[in-house]
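Start counting the sequence shown at 791; every next residue gets the next number (the working numbering). Inspection log for the structure reproduced underneath, given as structure tokens.
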Amino acid sequence: MRSSSSHRHTPRTTRRRTAAVALAGVAALVATAVQAGSATAAPDPAPAAGAKPAAESVRLTPAQRAELIREANATKAATAEDLGLDAKEELVVRDVLKDRDGTVHVRYERTYDGLPVLGGDLVVQGEKPGETESVVKATRAAVKPATTKAAISTAKAERQALSAAKAEDAQSPDVDGAPRKVVWAADGKPVLAYETVVGGLQHDGTPQELHVVTDATTGEKLYEWQAVQNGTGHTVYSGTVSLTTTRSGTSYNLTDGARGNHKTYNLNRGTSGTGTLFSGADDVWGNGTASNLESAAADAHYGAALTWDYYKNVHGRNGIRGNGVGAYSRVHYGNNYVNAFWSDSCFCMTYGDGSGNANPLTSIDVAAHEMTHGLTSNTAGLRYSGESGGLNEATSDIFGATVEFYANNPSDVGDYLIGEEINIRGNGTPLRYMDKPSKDGSSKDSWYSGLGSIDVHYSSGPANHFFYLLSEGSGAKTINGVSYNSPTSDGLAVTGIGRAKAEKIWFRALTTKFTSTTNYAGARTGTLAATGELYGTSSAEYKAVQNAWAAVNVGARAAG
């Protein structure tokens, strides 16, 4: 049968509904990966005003990217030698970017004596793969553990991991495979460890993928993180929109052939598997009501397309992994499931239908937020705990907002409010505020020494605040009909440089400067390095980045 690309219009009504809060005290939006783009090849992203065009990344075709990865693999032994790595260390190519001037950024993982090194990632910049003009490392410590022979059993590591899951009220936790030996290098001196993955369900019914790292010589728990990240919300009705679908014979299905074959599936209240691909004879999807199962599918498909297009047309990123391959979406997960989540293991985003199965968690900013977790996972890999976890969440909020502006949808105008349409608290207030994060009652406006110990959705506040200040500046103003009044921690004003420049800076820092262990100080360093490359170190933009970080208590103001 022959397939063709089709643009399908979806009738929708505009309204809001009240959602119950499933995660008490967390109120999170999360990661997802779905994808979308134009049916015709788009030009390389235009440089932001005032930028140095040579310093911006170009969009690579899958073939161009594959060739750069081949070159990086062919020269990785020489690169390791240039970096002075131990003879037992080997580099593993994970991602590659290329600037307009030919500069290549290669992101590597590494192994030690054949063991994966967690927290050993690094980014090498040079004129071509194999050249090492500069490097950013997740750890400065030499990766050389005292031993590679474990002193405790895998059974002990499993028991510890299961205990950690039970402490989080996990449902039916079980160990997914035997613990694997790794080198844990993310905190201080590298040590031999076990990494154990616990499956089952989280306390709210979200699939679980809890990673627990145990010292293989002492049995001490070193770290844990949840690979499946989840959130709370409810559908945003975006009016009548165009969807790219595929015709097969006499029917149509929700396959976006223009965007890496992103597909949208119906789980029909199930909690496992892929479900059924949405299909129909009329190429009209949903009627704008939650009772029609196609309506949520249309939202998810639309949000995925917008986010794919944004990354492709604004930043030159061809899909989540940069290889032009789409992830997929699943809607109608579980029964009364008030969440949405992104999972690396399936490379997919999943949406619940909310309280009473009446409020699907499918909206522009939620979709962009969720997909961005997938992007972060495939670039910087910011570990989802501590300050790096807050930066991970902030990255999703930042690009959730920028995608909403990019969408230019009259039913959901761009703003710096996160989840403003989902009415999670039942009083019409947003989930988070980027201009003054503390307005949500839990997020922090500025950095302080204990920030890394709180929930990542609240420690994201200073980075969200930084991005708003960098984009728009401090003080009272109205944007797209929304009133803001952003304070600063030092009481001094900040002048914004515009969202177009700010988003370029954050994306470049994420993809070429941040690593799995980047904290707030490292984010300042990384964004300043990105700004210097894009606009120059003596530019107004560079000074604005310094001042915006100082305004959230990270570093000093620009001289003068």
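Think of the CB as a built atom: it goes at the ideal place given N, C-alpha and C, for glycine as much as any other residue.
Could you name the residues of the same chain whose beta carbon sits closer than 7 angstroms to that of residue i, not counting the 5 residues immediately before and after it, in chain order?
{"i": "A812", "result": "Any reading at A812 needs caution, since the residue's pLDDT is 23, under 50, leaving its predicted position unreliable; the model's value is listed next. Excluding residues within five positions, the ones whose Cβ falls inside 7 angstroms are D994, T1022, V1128, N1129."}
{"i": "A1338", "result": "F1256, L1259, L1260, V1284"}
{"i": "A832", "result": "A caution first: A832 carries a pLDDT of 32, below 50, which makes its placement in the model too unreliable to give a value."}
{"i": "A1311", "result": "V1344"}
{"i": "T869", "result": "L881, V914, G920, T922"}
{"i": "L873", "result": "T922, V925"}
{"i": "G892", "result": "E917"}
{"i": "E1210", "result": "P1220"}
{"i": "R855", "result": "V886, G1112, N1113"}
{"i": "Y1123", "result": "L1057, T1061, T1140, Y1141, G1142"}
{"i": "T1308", "result": "A1170, L1172, S1178, L1181, G1316"}
{"i": "G1288", "result": "S1261"}
If you draw a straight line from the alpha carbon of residue i to that of residue j, how long is it in whole angstroms?
{"i": "Y1055", "j": "A1313", "result": "37 angstroms"}
{"i": "A829", "j": "K1102", "result": "Only weak support is given to the placement of A829: the predicted model assigns it a pLDDT of 25, under 50, and the value that follows is read from those uncertain coordinates. Cα to Cα, the separation comes out at about 12 angstroms."}
{"i": "S847", "j": "Y1325", "result": "14 angstroms"}
{"i": "A951", "j": "S1081", "result": "40 angstroms"}
{"i": "G1366", "j": "S1228", "result": "Absent from the structure is residue 1366, since the part of the chain shown begins at 791 and ends at 1350."}
{"i": "S1175", "j": "T1045", "result": "35 angstroms"}
{"i": "L790", "j": "G1251", "result": "The chain is shown only over 791 to 1350; residue 790 falls outside these bounds and no answer can be derived."}
{"i": "P1150", "j": "A1088", "result": "11 angstroms"}
{"i": "A957", "j": "E985", "result": "18 angstroms"}
{"i": "G1218", "j": "L1207", "result": "12 angstroms"}
{"i": "K992", "j": "R1120", "result": "The displayed chain sequence assigns Gln, not Lys, to residue 992. Rounded to the nearest angstrom, the two C-alpha atoms are 18 angstroms apart."}
{"i": "S1167", "j": "V883", "result": "15 angstroms"}
{"i": "A1148", "j": "G1076", "result": "14 angstroms"}
{"i": "G1106", "j": "R849", "result": "4 angstroms"}
{"i": "L1165", "j": "N1108", "result": "11 angstroms"}
{"i": "L742", "j": "S1032", "result": "One cannot answer for residue 742 here, as it falls past the ends of the chain, which runs 791 to 1350."}
{"i": "V907", "j": "T1004", "result": "14 angstroms"}
{"i": "F1189", "j": "T929", "result": "27 angstroms"}
{"i": "A823", "j": "H1163", "result": "Bear in mind that the predicted position of A823 carries a pLDDT of just 27, short of 50, making it unreliable; the figure below should be weighed with that in mind. Taking the straight line joining both Cα atoms gives about 8 angstroms."}
{"i": "R1059", "j": "S1085", "result": "15 angstroms"}
{"i": "C1136", "j": "N863", "result": "26 angstroms"}
{"i": "S1038", "j": "E857", "result": "34 angstroms"}
{"i": "A1292", "j": "R890", "result": "19 angstroms"}
{"i": "G1008", "j": "T865", "result": "A small correction: the amino acid at residue 1008 is Thr; Gly does not occupy that position in the sequence shown. Rounded to the nearest angstrom, the two C-alpha atoms are 38 angstroms apart."}
{"i": "D1235", "j": "V1115", "result": "37 angstroms"}
{"i": "E899", "j": "T1305", "result": "10 angstroms"}
{"i": "G1205", "j": "E1014", "result": "It should be pointed out that residue 1205 corresponds to Asp in this sequence rather than to Gly. Answer to the nearest angstrom: the Cα atoms are 34 angstroms apart."}
{"i": "Y1092", "j": "T1152", "result": "9 angstroms"}
{"i": "D1202", "j": "Q961", "result": "37 angstroms"}
{"i": "Q998", "j": "K1333", "result": "43 angstroms"}
Could you round the C-beta distance between residue i and residue j to whole angstroms and report it? I think they count as a contact, below 8 angstroms.
{"i": "D1155", "j": "E1194", "result": "5 angstroms"}
{"i": "A968", "j": "G909", "result": "Incorrect: roughly 22 angstroms between the Cβ atoms, too far for contact."}
{"i": "A1117", "j": "M1139", "result": "7 angstroms"}
{"i": "F1068", "j": "N1043", "result": "6 angstroms"}
{"i": "L1241", "j": "G1179", "result": "Actually they are not in contact, since the Cβ atoms of L1241 and G1179 sit about 11 angstroms apart, beyond 8 angstroms."}
{"i": "R1298", "j": "A1320", "result": "4 angstroms"}
{"i": "K878", "j": "D911", "result": "Actually they do not touch by this definition, with Cβ atoms about 17 angstroms apart."}
{"i": "T1169", "j": "T1315", "result": "Their Cβ separation, rounded to whole angstroms, is 17 angstroms, which puts T1169 and T1315 out of contact at 8 angstroms."}
{"i": "L905", "j": "V972", "result": "6 angstroms"}
{"i": "A1095", "j": "T1034", "result": "6 angstroms"}
{"i": "A1006", "j": "A940", "result": "4 angstroms"}
{"i": "T1030", "j": "G1047", "result": "No, T1030 and G1047 are not in contact; Cβ-Cβ is about 22 angstroms, not under 8 angstroms."}
{"i": "D876", "j": "K934", "result": "6 angstroms"}
Ignore the nearest five residues each way along the sequence and tell me which others in residue i's own chain have a CB closer than 6 angstroms to its CB.
{"i": "Y1196", "result": "Y1100"}
{"i": "N1254", "result": "A1184, D1187, M1224, P1227"}
{"i": "E1323", "result": "A845"}
{"i": "A955", "result": "P963, V988, L1000"}
{"i": "E861", "result": "P919"}
{"i": "Q1016", "result": "L1000"}
{"i": "G1263", "result": "V1284, T1285, G1286"}
For residue i, I'd like the list of residues in its chain whose CB is within less than 8 angstroms of its CB, leaving aside the five on either flank, ordered along the chain.
{"i": "A931", "result": "A975, G978, K979, P980"}
{"i": "G1063", "result": "L1057"}
{"i": "I1295", "result": "L1260, T1317, A1320, T1321, L1324, E1331, V1335"}
{"i": "S1041", "result": "S1069, G1070, A1071"}
Taking Cβ positions only, does residue i come closer than 8 angstroms to chain B?
{"i": "L1181", "result": "Absence of chain B from the displayed structure is noted, only one protein chain being present."}
For this session: Could you pull out every unbroken alpha helix (DSSP H) segment of at least 4 residues lying fully inside the region 1252-1333, listed in chain order?
Result: If one requires a minimum length of 4 residues, the alpha helix (DSSP H) runs lying completely within the region 1252-1333 are 1289-1302, 1310-1325, in chain order.
Problem set entry | Touching by the beta-carbon criterion (3+ pairs, under 8 angstroms), the region 1239-1250 and the region 1262-1280 | no
For this session: Would you mind listing the beta strand (DSSP E) stretches within the region 862-904 that are 3+ residues and don't spill past its ends, in chain order?
Result: 879-888, 894-902
Exercise. What are the complete beta strand (DSSP E) segments, minimum 3 residues, inside the region 952-1025?
Worked result: 961-965, 970-974, 981-991, 1000-1005, 1011-1016, 1019-1021
Problem set entry | Complete alpha helix (DSSP H) runs within the region 1147-1210 (minimum length 4 residues, chain order) | 1154-1168, 1176-1197
Problem set entry | Runs of beta strand (DSSP E) lying entirely within the region 1027-1058, each at least 3 residues, in chain order | 1031-1038, 1041-1043, 1052-1056
For this session: Could you tell me which uninterrupted beta strand (DSSP E) segments, each at least 3 residues in length, are contained entirely in the region 1212-1239, listed from first to last along the chain?
Result: none
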